[in-house]
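Right, one structure below, let's go through it.
Written out as structure tokens, the structure reads:
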């Protein structure tokens, strides 16, 4: 994981001022800049394990950066909708193919996709933007995204803090945690699909007004 080493070497010279750099990087991730958000959080945890930063300070900065970036993208979608896609940067980020894919996911899973998107790198920004353009109530977005962030942000920082003294072991743990997260996310999706199929079948078997089966 070369990016982990690159971020660590980049942040170390900033010392106790690393909080501001971590915050800026996380806000940039919210706009779809291709930097793995989890690696940035893990690196913050590594710095705290060496007493360069404080663990809870990194958690606070991580929550602010993650929710700030997510909320900004959501409000851009809510304020400008598809009009902003005429801009070169957003045209690439919100291509027709990706927009069609994201709208299909939202129509299939509804508001719950906000929670799931926090664990879906690559689709997170388009999903949040599209949810904003659909005028999802801001309180609901903050609630769902906040709940997901309360899981993911402290978790990744803690992984970096716990294994920060052994980068080789840390890389193994990162892969294990990533696999576990994707596995749980897959099970959640299957549960949603299963519940939808059961509900559809139950509605299909409801008797009609004259008492006959449909």
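Numbering (the numbering used here), first residue to last: 342 to 555.
Glycine residues also receive a C-beta, built at the ideal position from the N, C-alpha and C atoms.
Query                                                                                                      : Result
Test item: CB-CB of residue 349 and residue 384 under 8 Å                                                  : yes
Per-residue burial, residue 556 [other beta carbons within 10 Å of its own, 16 or more giving buried]      : The requested residue 556 does not occur in the structure, where the chain is confined to residues 342 to 555.
Stretch-stretch touch, CB-based, cutoff 8 Å, three pairs: the region 401 to 410 with the region 346 to 364 : yes
Beta-carbon proximity of residue 410 to residue 473, cut-off 8 Å                                           : no
Opening and closing residue of the alpha helix (DSSP H) in which residue 391 lies                          : From DSSP, residue 391 is part of no alpha helix (DSSP H); its letter is neither H nor E.
The region 473 to 488 in contact with the region 370 to 388 per 3-pair CB rule at 8 Å                      : no
Three-state secondary structure (DSSP) of residue 354                                                      : helix
Element boundaries [alpha helix (DSSP H), containing residue 411]                                          : 396 to 421
Among 399, 353, 512 and 370, nearest to residue 495 - alpha-carbon criterion                               : 399
Own chain, CB closer than 8 Å to residue 356, minus 5 neighbours either side, in chain order               : 393
Option in 509, 412 and 519 with minimal Cα separation from residue 343                                     : 509
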